[in-house]
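Enquirer:
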Ligand SMILES: O=C(O)C1=C[C@@H](OP(=O)(O)O)[C@@H](O)[C@H](O)C1
Ligand SMILES: C=C(OP(=O)(O)O)C(=O)O
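Right under this line is the structure:
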């Protein structure tokens, strides 16, 4: 699908989409809880749908209602020899240790960008937990055979926090007395979100400085009612759209959330956007914007909206943490440089820093998402202040995290034209 966005003024209100990070964790916890969990405000993005399918294939009964999803869990009882995590990095890294709780041999697969993302972590760590594993050179498909034993283990957290999320979730179901020690953990707030959701489902982990995670006694996940939070990662694009092109209210955003991407507010403040008071609502308005500095090492998904913001700030913005972007849905440092380059915005990558030369004028252009949802959304937001329409090719990439995105920006006043591919 191609989507064209013409320069527009932003005005209005929308409700943030449900967080896929929170939803996928809740689905995993519900699978592990014996009994019926009810998920309110469920996410329906591709990553969330993949998580629901994995939970079903691992033995949960999933009932989809209009406004809620009921998941009846009974521990991990695989129905098939293969599970497919779609394109979700969190999905595969979280469900692999969870699936390994079973003693059956299971193949874990995915598609799209996921097949090239690194999984060698599991080959280093799972054998120490009694799990046999085979992979294709540290990539998918993985073949595992448990059952996972929750032994004391030391892991490297520098590539991704998602592996630790998976171990924590799995340990929560079986650990008696065990500790996970992690070196050089990145994306720490995502682990805070994992611990918060585990606790909501009745499993407490005692952590020291995000370095050691203790399981002090045997616990079990309890079925609960759970409401999925609004997604700061997706909302960041709408808030930036308001800051550069008008004014908008985004509802259902909690400033006390554990989500790392609430750090978008820090960037908006530094850039000089107007931030108006609201309760569970962010109200942002356009003002003269200045370049800013931000360390996005622990909130890597903010790079794309931050670049769209920085393109509108007169001067050079410096964002730290580029090395965290190499193994996302695309190599995001490079894809941002390439696609914003087509719109006339110069981006330099120097070591771990990204420098965005903003305020030089955004040009209408045809850009490509590289099958990366956040690249598509960043280009769409940049279009709002371009000198002509921006056409995003492979625009359906947004379905991974935020299928409502183009409708939401259109509700806020963006001129959006969707061109579906005619099937021959
Ligand atoms: O746990 C999560 O929900 C996520 C963790 C982050 O990954 P890393 O820990 O690899 O940075 C983030 O980029 C990803 O989109 C979602
Ligand atoms: C990198 C992302 O997700 P994941 O790693 O879960 O595929 C993302 O949503 O930007």
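In UniProt numbering, the protein residues as written are 1 to 424.
C-beta: ideal position from N, C-alpha, C; glycine also.
Being a predicted model, the structure only gives us computed values, none of them experimental.
#1: Considering Cα atoms alone, identify which of 381, 104, 130, 47 is closest to residue 79.
#2: Does the beta carbon of residue 165 fall short of 8 Å from some heavy atom of ligand 1?
#3: Leaving aside the five residues before and after residue 364 along the sequence, list all residues of the same chain whose C-beta is less than 7 Å from its C-beta, in chain order.
#4: If you follow the beta strand (DSSP E) that residue 274 is in, where does it begin and where does it stop?
#5: Between the Cα of residue 285 and the Cα atoms of 295, 268, 279, which residue gives the shortest distance?
#6: What does residue 348 pair with, by DSSP beta-bridge criteria?
#7: So, do the segment 322-332 and the segment 372-379 have three or more beta carbon pairs nearer to each other than 8 Å?
#8: Taking contact to mean at least 3 C-beta pairs separated by less than 8 Å, is the segment 224-238 in contact with the segment 176-191?
#9: Does the segment 208-228 come close enough to the segment 261-277 to have 3 or more Cβ pairs within less than 8 Å?
#10: If you measure from the CB of residue 369, is any heavy atom of ligand 2 nearer than 8 Å?
#11: Distance, Cα to Cα, residue 16 vs residue 112?
#12: For ligand 2, is there a heavy atom less than 8 Å away from the beta-carbon of residue 87?
#13: Alpha helix (DSSP H) containing residue 407: first to last residue?
#14: Closer than 8 Å by C-beta to residue 170: which residues in its own chain qualify, once you throw out the five before and the five after it? Chain order, please.
#15: Do residue 230 and ligand 2 come close, with the Cβ less than 8 Å from some heavy atom?
#16: Skipping 5 residues on each side, what residues in its chain have a beta carbon closer than 6 Å to that of residue 253?
#17: Buried or exposed: where does residue 326 fall if 16 or more other Cβ atoms within 10 Å of its Cβ makes it buried?
#18: Is it buried or exposed for residue 203, if we count other Cβ within 10 angstroms and need 16 for buried?
#19: Suppose the cutoff is 6 Å on Cβ atoms and the five residues either side in sequence are ignored; what does the same chain contact list for residue 293 look like?
#20: With C-beta atoms as the reference, is residue 227 less than 9 Å away from residue 39?
#21: Thinking residue 173 and residue 49 are a contact (beta carbons under 8 Å), I'd like their distance in whole angstroms, please.
#22: According to DSSP, which residues form a beta bridge with residue 236?
#23: Taking 8 Å as the cut-off, is the C-beta of residue 353 nearer than that to any heavy atom in ligand 2?
#24: What residue from 157, 53, 21, 198 has the CA that sits closest to residue 183's CA?
#25: Considering Cα atoms alone, identify which of 35, 163, 144 is closest to residue 83.
#26: Looking at the unbroken beta strand (DSSP E) that takes in residue 282, where does it start and where does it end?
#27: Could you check if residue 276 is buried or exposed, using at least 16 other CB atoms within 10 Å of its CB as the buried criterion?
#28: Taking 9 Å as the threshold (C-beta atoms), are residue 416 and residue 357 in contact?
#29: Would you list the one or two residues that DSSP bridges to residue 293?
#30: Anyone know if the C-beta pair for residue 223 and residue 73 falls short of 9 Å?
#31: Where does residue 46 sit, in a helix, a strand or coil, going by DSSP?
#32: Whole angstroms are fine: how far does the CA of residue 135 sit from the CA of residue 398?
#33: Bridge partners of residue 40, per DSSP?
#34: So residue 2 packs on residue 392, CB below 8 Å; how close in whole Å?
#35: Say yes only if the C-beta of residue 220 is nearer than 8 Å to one or more non-hydrogen atoms of ligand 1, and no if none qualify.
#36: Give the secondary structure of residue 327 by DSSP, where H, G and I count as helix, E and B as strand, and everything else as coil.
Expert: This is what the structure gives:
#1: 104
#2: yes
#3: 386, 387, 388, 389, 390
#4: 274-276
#5: 268
#6: 355
#7: yes
#8: no
#9: no
#10: no
#11: 26 Å
#12: yes
#13: 405-411
#14: 97, 98, 100, 101, 148, 150
#15: no
#16: 16, 230, 235, 282
#17: exposed
#18: buried
#19: 318
#20: yes
#21: The Cβ separation is near 23 Å, so there is no contact.
#22: BP columns for residue 236 are empty, so no partner.
#23: no
#24: 157
#25: 144
#26: 281-285
#27: exposed
#28: no
#29: 318
#30: yes
#31: helix
#32: 29 Å
#33: 68, 227
#34: 7 Å
#35: no
#36: coil
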